[in-house]
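Notes follow once the structure below has been shown.
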Amino acid sequence: MKTFRSIPFRSLVAVTSLAVTASFFAACGSDESGPDLVVYSGRKEELIVPLMERFEKESGLDVEVRFGPDSAEFALQIDSEGDRGPDVFISQSPGAMGFLDEQGRLVAIDESSIAGVPDEYHAADNHWVGTSARVRVLVYNTDNVTADELPESVFDLTQDAFKGRVGVAPDNSSFIDFVTTLRDLEGDDATGAFLEGLAANGARDYADNHAILEAVARGEVDFGLINHYYNEQALLEVPDQPTANHLFADGDPGSMILMTTVGILKTGEDHRDAAEKLISFMLNEESQTYFATETLEYPLVGGIERGLDGLPALNEIHAPTIDLASLGAKFKTTQKLISDSGLIG
Amino acid sequence: MASSVDLELPVRARRYWRARPLGLSIAGWIIGALFATPLAYLLWGNATRSGFITTIREADIPAPLFRTLILATSTAVLSAFLGTTLAWLLARTDLPGRRVFRKIAPLPLVFPSFIGAFCFLAAFTDGGLVERYFLGPLGVEKLWRIEGFGWSVVVLVLFTYPYVYLPALARISALGPSLEESARSLGRSPLRTFTGVVLPQISGAVGAGTMLVFLYCLSEFGAVSLLRYDTLTRSIYLATQSFDRQAAFALSLVLAACALVAIGAERHWARRRVLTEAVGAGRHVIIYSLGRMKMPAVVGVVFVLVLSLFGPLSVLVQWSVRGIQNGSQVHAGRIWPALLNTARFGIFGAVIAVAIVLPIAYLSVRHPRAVVTRFSSAMATSAFAFPGLIIGFAFVSVAASSWVPSSLYLSTELLVVAYVVHFGAQALRSAEVAVGGVPRRLDDAGRSLGASTLRRFLRIDLPLMKSGLAAGGGLVLLSIMKELPLTLLLIPNEQDTLALRVWSAADSLYYAQAGLFALVLVAASGVLTWLLTIRPLERSRS
Amino acid sequence: MQARGHSTSDQNGIVGSVARSVVSVRGLCKTYGEETAVDRVDLEVTAGELVALLGPSGCGKTTTLRLIAGFDRPDGGEILLDGNPVASASVFVAPERRRVGVVFQDYALFPHLSVAENIGFGVRDKAARAERVGAMLDLVGLASKARRKPHELSGGEQQRVAIARVLAPDPAIVLLDEPFSNLDAALRGRVREEVRDILSAAGATSIFVTHDQEEALSVADRVAVMNSGRILQCDDPSTLYEHPADRFVATFVGDADLLPGTSVGAMVDTPLGLVAAVSGGPTGSVDVVLRPEHIRLRLDGSGGATVMRIVFLGHDQVVEVRLDSGERVRARLRPEAMFHAGERVSVNVNQPVVTFASPVSATI
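Residue numbers (my numbering), protein chains in the order written: chain L, 4 to 348; chain F, 65 to 606; chain E, 2 to 365.
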């Protein structure tokens, strides 16, 4: 403090502003040549950057990755950008890719780039391909819940045993995906009745998966409907946190699979080769292993094991996957069902 | 969109045209048009696609709008009360430790609301940090679950009261002692002196701060979403999640309309008072003795600061320490570039914002009734009420158009301009006060000495306005440093800021990383607040 | 008029007895850190009196005023208002309960209130407020400007509003802090008269602080001269002038030059020769106080002094001469007397002079 005070304030300000001005212009005058590939990633930087660095090294290509808002907002941005959009879009939620497809902004990926991916994990017209998968689970507090209390089906959560004990995130895209899939499987009436049952049973309302997990860890609620990797990632940093994942019974919609996807945009025609290279890279064994071990997700290309214990392999779950086609249009109705159920507030 | 704005100019403005410098008027129109970008874009976007009315009708607006207005009003009123009370306690009483408290009381402003609210929850909610480490051992088992209207107000007040506290403190400090001493000797108690004499004198400053809190709450999403209070911003969020841009824009226009009405009311009320404010000079500072209230007052101030500052900070520290102990990866090397970006966006944005609102400030102080004044200041203030996300979309759409050079899209320049448009309002009121503080006769004196307009501005006005402008710039700086949605949409590719890193890491559950970056952000903001707003205030006191 | 009626009836009760003391200050002390601002000050002010506190800046006069008003707490001594202690070791009455009115140097009018609202601010009794405000407006002659805001008034008018505001609640005493220093010279003399008339019309007891000796002498009934925190002398203006209690008072109140001398019976031997001294002065080595208006000059080639400088003031002129012994002496003469620099003159004193024992260390 003393030494700081002894520096004249004016010169401090002068030096700082000089440094900042210099850095401002340094950053403005970036290279003119432009990158070989521009990628917008709706998935978080922490998960994607290591993969992209590896791709740049292997391919020798210069890739520019933009990490923006959530996938839905990113899709809207790409739509607003018109001709100035990116080459490739990586989406965390299925709906955002569906929206762009609906807007006619995607081109078909070359068959050779997605060889080895099971049919249910890519679009019939090859406009997008899944890169990894998350599973919807019921996270529970291990201090407050015994193994025999764990439900078989997500529909059990409307029973008295779960009164006031379940947390949901009704505004969150993965919950909306889940409800949308439920509508496909069970129809709007049954879905609406289920949501109303949850609300009547005192299910508590949270902002997102993260907030639910925190609430379960604190014991505010005993159960929460979230994606599987939240708990696994948290346990890496906080090993003594009293939370665990529970998978609903085989084929139950409560444990449906959500894919992260990648697609090539029409604005990426100039960089088509690089884009195809990136997609086949993301689907190769090394990358799929990365998804399994580092981002704690499920690989989609056969034969790769997950690094972690606890949950069964993807092909053993037999859970329904979401139908991406014209998903965006369905969201309105899904949101209305959720709003009308009384889950919020 | 700029042209539709300029069309208003000729007929109604002509009456005032000759009365003021042409350059100032032109600058006012151009700057007003810049601030009108988001509004104009939304209007254009809604007018050219399907009907705005239909969208509004379908969107189920009344209930969330009512909740938004109730929230914003309650928060603004309570923030005004808390900020003014704190300012008075710390400027005018013998509260022990007031020198230290004065320096840290503005700091809650440095928390981005999504971090602040998250940390507040983690610290104080049922099963949170405080219950586990402090109250648990004392036998307290159940705290409340923090959610809903009441808690949203509490949390927002705790993080927004500095908007009122800072100008109120500056104003009280500038108030000479004789008014208060007169009232005392005429038989008024300290409390009634405060309400009858001090309050009318600081009401302009308090009103301006309260208006900022109100506008802030209109567009707030991070905190109310975590606290599950269903406002219009949630409707906007849901609209974007279902890719319904039309509805999102229509809802934002409703917010903007609320903002414009509120601004109009405040302007009307403030203008009548502007003339009657005294700038007393006094040799001594009045210090009231709190007497028996001393301990309760200290406890109250500490309580506020624990809730708004130390609680959230301790959560960040806990995240960092716990994560690092458990071997979580922390990319410390990324702190520096993110910090540098945060600082340069913030500083450039703040400087440009101050420079760009100055002509508006001159207009509204010296030509308050002119059309150009009303237009430019209303546009500048309303842009603050739009959610950052919507301003971002407006700039994405405008800048991605084919007539804009492609090098401008997603450039630092565009980002800084967007920041300026979004946050310029925060600098405007301080700038008006600063301009109002320069006596016109100094200008006359300078003119009679043969100084040119530029020279008079640089040598007379600017030095006199320095600390006032710095205070306004400081608010803009802080807001830019913690801004998220706008940054996400417009930051150049492969660049990032501290707020962005915190958000991204927290969302990926990399707690250690999130905590550490948040601490750096809070520390950097704290240092800059101290340099830009607290320090000049302390200096003006001595 | 209510104010007058009320206070005269108060005074009637004590007519014939010893004049009632409205303010009693005894042994008042106040220090700020190392610095002693007020040092054992005693002061009595009786009903209806107008007392000036006169001294150079930093002498403690404003601090004394603030202590009486209750804005600061004394470190020692006591203050009684109307016989009741308001500040002592065991008592401290808040300013709002002292019935003390203060007129500030900057007037401190509430800018958000009109003239009438300012004046009515201190009147507790709502029913009587309008009438009281009207009476005060009449008293200060501002009835036509009742609804103006303070910034719409001239400096002199603002001052009258400030005084009316203070008088409206019928205070025990009115304190005025440098009341005329914000007015320009042309206005000052007239305003002084006005203020004096208003105060005496209201029968108010008042203390005012000033650094201007002419102001103190011309307005006050009594003047208390302060220096370095102490009251050196408190007397009516002519006593103060004719019989200063010490060297500081002598030089601060009115113009004076000091000459060394030696007391010889009723006379003093000075460089001007033998001069008659006021009786009762010290003996031995003394300082002689010479008032310029008591000095007479005569053109005299064999005189003991040379004219150095002439300052023409219109109604009179001050001629400064240097004695052959080296001292300088000023003489105040009628404007028509004609002297020129360099002329030799003789110097005479036409009144008995005041003497003080010369300080031991101050020998020339």
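We put the CB at the ideal spot given by N, CA and C, even for glycine.
A quick note: this is a predicted structure, and the numbers were derived from the prediction, not measured.
Min CB distance residue i to chain F below 8 angstroms
i	result
D107 (chain E)	yes
E223 (chain L)	yes
P57 (chain E)	no
D343 (chain L)	no
P121 (chain L)	no
G1 (chain L)	In the structure as shown, chain L begins at 4 and stops at 348. Residue 1 (chain L) is therefore absent and cannot be evaluated.
R130 (chain E)	no
H130 (chain L)	no
A332 (chain E)	no
I267 (chain L)	no
Q244 (chain L)	no
Q236 (chain L)	yes
I10 (chain L)	Because the pLDDT of I10 (chain L) is 46, which lies under 50, any placement of that residue in the model is unreliable, and the question is left without a value.
A277 (chain L)	no
Contact with chain E by residue i, beta-carbon distance below 8 angstroms
i	result
V338 (chain F)	Unreliable positioning characterises V338 (chain F) in this predicted model, as indicated by a pLDDT of 47, which lies under 50. A coordinate reading is not provided.
S242 (chain F)	yes
E195 (chain F)	no
G251 (chain F)	yes
Range of the contiguous alpha helix (DSSP H) that encloses residue i
i	result
Q490 (chain F)	T476 to G500
D571 (chain F)	L562 to D571
M3 (chain L)	Outside the modelled stretch of chain L, which goes from 4 to 348, sits residue 3 (chain L), for which no answer is possible.
S289 (chain F)	G286 to L290
P360 (chain F)	K358 to L369
R298 (chain F)	L296 to Q305
T263 (chain L)	Per DSSP, T263 (chain L) belongs to no alpha helix (DSSP H); it is in the beta strand (DSSP E), I260 to L268.
M443 (chain F)	V435 to S446
Minimum Cβ-Cβ distance from residue i to chain L less than 8 angstroms
i	result
R386 (chain F)	yes
V460 (chain F)	yes
T118 (chain F)	no
A53 (chain F)	The question about residue 53 (chain F) has no answer here: the residues shown for chain F are numbered 65 through 606.
G397 (chain F)	no
M65 (chain F)	Residue placement at M65 (chain F) is flagged as unreliable, the pLDDT there being 32, under the threshold of 50; the coordinate-derived value follows with that caveat. Not one chain L Cβ lies under 8 angstroms of M65 (chain F).
Of the residues the options, the one placed nearest residue i, counting alpha carbons only
i	options	result
D225 (chain L)	L:D211, L:N248 and L:Y233	L:N248
A217 (chain E)	E:V42, E:K62, E:Y33 and E:T37	E:K62
V368 (chain F)	F:A458, F:G268 and F:V218	F:V218
I296 (chain E)	E:A278, E:G281, E:V320 and E:G315	E:V320
P336 (chain E)	E:S280, E:T65 and E:I311	E:I311
A78 (chain L)	L:K60, L:M55 and L:Q106	L:Q106
G34 (chain E)	E:A267, E:A186, E:S115 and E:D76	E:D76
Residue i, enclosing beta strand (DSSP E) - first and last residue
i	result
K146 (chain E)	Note, K146 (chain E): premise wrong, no beta strand (DSSP E); not H, not E.
TODO: Name, going along the chain, the residues of the segment 150-171 of chain F whose beta-carbon falls closer than 8 angstroms to a beta-carbon of chain L.
DONE: none
- [ ] Would you check if there are 3 or more beta carbon pairs closer than 8 angstroms linking the segment 37-51 of chain L to the segment 64-80 of chain L?
- [x] Yes, the segment 37-51 of chain L is in contact with the segment 64-80 of chain L.
Open item on the list: Check whether the segment 182-189 of chain F and the segment 304-318 of chain F touch, using three or more Cβ-Cβ pairs below 8 angstroms as the test.
Closed with: no
TODO: Note down, in chain order, all residues in the segment 176-203 of chain E with a beta-carbon under 7 angstroms from any beta-carbon belonging to chain F.
DONE: Along the segment 176-203 of chain E, there is no position whose C-beta sits under 7 angstroms from a C-beta of chain F.
TODO: Examine the Cβ distances between the segment 229-246 of chain E and the segment 35-50 of chain E and report whether three or more of them are shorter than 8 angstroms.
DONE: Here the segment 229-246 of chain E lies against the segment 35-50 of chain E, with 3 or more beta-carbon pairs under 8 angstroms apart.
TODO: Could you please tell me which residues of the segment 110-129 of chain E, in chain order, have their CB closer than 7 angstroms to any CB of chain F?
DONE: From the segment 110-129 of chain E, only F111, P112, H113, F122, G123 and R125 have a Cβ closer than 7 angstroms to chain F.
TODO: Taking only beta carbons into account, state which residues of the segment 79-102 of chain E come closer than 9 angstroms to chain F, listed in chain order.
DONE: A95, P96, E97, R98, R99, R100, V101 and G102
TODO: Give, in chain order, every residue of the segment 245-276 of chain F whose Cβ lies closer than 9 angstroms to some Cβ of chain E.
DONE: For the segment 245-276 of chain F, the set of residues with a beta-carbon nearer than 9 angstroms to any beta-carbon of chain E comprises E245, S246, A247, R248, S249, L250, G251, R252, S253, P254, R256, T257, G260, V261, P264, Q265 and S267, in chain order.
Task: Stretch pair the segment 415-424 of chain F + the segment 479-486 of chain F: three plus CB contacts closer than 8 angstroms - done: Enough Cβ pairs lie closer than 8 angstroms, so yes.
Task: Contacting positions in the segment 301-317 of chain F - beta carbon closer than 8 angstroms to chain L - done: Y301, L302, T304, Q305, S306, F307, D308 and R309
Task: Meets three-Cβ-pair contact criterion under 8 angstroms: the segment 248-265 of chain L and the segment 135-146 of chain L - done: Verdict: yes, contact present.
Task: the segment 304-311 of chain F / the segment 467-481 of chain F touching (three or more Cβ pairs under 8 angstroms) - done: No, the segment 304-311 of chain F is not in contact with the segment 467-481 of chain F.
- [ ] For the segment 240-257 of chain F and the segment 160-174 of chain F, state whether three or more C-beta atom pairs, one from each stretch, are separated by less than 8 angstroms.
- [x] no
Open item on the list: Count Cβ pairs between the segment 570-585 of chain F and the segment 92-108 of chain L that sit closer than 8 angstroms; are there 3 or more?
Closed with: Not touching, per the Cβ criterion.
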